[in-house]
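Colleague: Per the numbering used here, numbering through the sequence shown is continuous, rising by one, with the last residue being 304.
Quick reminder that beta carbons are idealized off the backbone N, C-alpha and C, glycines included.
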Amino acid sequence: MNILAIESSCDDCGVAIVKDGVDVIVNLVASQEKIHAKFGGVVPEVASREHLRTVFPLVDLALTKAKLKLSDIDAIAVTTGPGLLGSLLVGVHAAKTLAWLWNKPLISVNHLQGHVYSGWLAGEKVEFPVVALVASGGHTEIISMGKHGDYKYLGGTVDDAIGEAFDKTARRLGLGYPGGPAISKEAELAKGPGVELPRPMLKEENYNFSFSGLKTAVTRVEGSRSEIAKGFEDAAVEVVATKLLRAANQIQAKTIIIGGGVAANRRLREVIKILSGENMKVLIPDMKYCTDNAAMIGAAAYFVSSKKKNPGQWYNTEVQI
Ligand code: KG4
Ligand code: ZN
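#1: Mapping DSSP to helix, strand and coil, what is phenylalanine 286?
#2: Report all residues from its chain with a CB closer than 6 angstroms to the CB of alanine 58; omit the five preceding and five following residues, and keep chain order.
#3: Okay, do the stretch 221 to 235 and the stretch 181 to 196 touch, 3+ Cβ pairs below 8 angstroms being the bar?
#4: Less than 8 angstroms between the CB atoms is what I'm expecting for methionine 279 and tyrosine 100, so what's the real figure, rounded?
#5: For alanine 82, which of Gly23, Pro27, Ile(-11) has the nearest alpha-carbon?
#6: Pick helix, strand or coil for serine 127, following the three-state DSSP scheme.
#7: Alpha carbon to alpha carbon, how far is alanine 247 from tyrosine 160? Give it in angstroms, no decimals.
#8: So does glycine 163 have its beta carbon nearer than 8 angstroms to some heavy atom of the ligand KG4?
#9: Where does the unbroken alpha helix (DSSP H) through threonine 63 begin, and where does it stop?
#10: Counting along the chain, where does the beta strand (DSSP E) carrying threonine 238 start and finish?
#11: When the distance is taken between beta carbons, is isoleucine 234 closer than 9 angstroms to alanine 115?
#12: Can you tell me whether aspartate 150 is helix, strand or coil according to DSSP?
#13: Which same chain residues end up closer than 8 angstroms to methionine 263 when comparing Cβ atoms and leaving out the 5 residues on each side of it in sequence?
#14: Can you list, in chain order, the residues of its chain whose CB lies under 6 angstroms from that of valine 5, leaving out five sequence neighbours each side?
#15: How should alanine 45 be labelled, buried or exposed, when 16 other C-beta atoms within 10 angstroms of its C-beta is the threshold for buried?
#16: Does DSSP put glutamate 110 in a helix, a strand or coil?
#17: Closest by CA to glutamate 33, which one among Gly69, Ser54, Ile56?
What follows is the structure, given as structure tokens:
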């Protein structure tokens, strides 16, 4: 089953064609990073106008690159939320138009569900139960899954997302945007240990996070820029890794999936891989499937839609979280 998927929830316009939920035939992303970088963050109005400009040319390009005919496409999938309203509307209406014109079923996918399913694009068998961390500029959530379509929201950030905290801290330290890679690079320059910073909510018996206090603590602490960057990275990674591993142990997860842009963080990857249980597989997809992309939406759509009976109608597969 070939699914053509569209993802436009924030600033990246993605179109992909995915076969049977795991084989990515084509995955295209029109990144708006350079456009928004000069504003220091995503400008919603600009983002939706860019999506308008890029979505249909990307669909054309995807079909050409995949060397597929319309008759080879079995369904259209699209991200319906959460995200920026204007951006989402462009993708949803493009998908609805194509589904109507081409007479294909349309599958609605929740963006977080997509990030969880990026684990199915990591090239290995995913075994349930799964615990997934979605860590990006907009999210820090831990979700468990007993089987396809069966999600449990275990916890998430009560204020800033982890990526946002990296970005804001980087700005305060006079480092570039996006802040995640900039902080990691700066941290590597530290000669000694990182500065001491709090580990917010680490001891609390839940899976929630708070990063705004940590971000503020950075402004008060004394040390060189690299020591502060190291201290911040250590604190943020420790909190996220500890809670993720705690969740994995609690549900006796067989697979841990890490998605979202923060999955690029080397320290986070190392810590999770070293500390995860022997019987747990840690799947961190290729970066192009960790950051926002349409392939993960195509993967999620396949596993969710295959359980539905009536192709041809608007499916509401929104994850209940
Ligand atoms: O998933 P993503 O590309 O976009 C959304 O936010 O949806 O994630 C971008 C976020 C940014 O906040 C960026 O600073 C962070 O991911 N990031 C990192 C690293 N690379 C990117 N955070 C920590 N360490 C990194 N190496
Ligand atoms: Zn995302």
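Modeller: In short, the structure shows the following:
#1: helix
#2: Ile(-14), Lys87, Pro88, Ile90
#3: yes
#4: 5 angstroms
#5: Ile(-11)
#6: strand
#7: 15 angstroms
#8: yes
#9: Premise fails: threonine 63 lies in the beta strand (DSSP E), 58 to 64, not in any alpha helix (DSSP H).
#10: 238 to 242
#11: no
#12: helix
#13: Ala231, Ala236, Lys237, Thr238, Ile239
#14: Trp103
#15: buried
#16: coil
#17: Gly69
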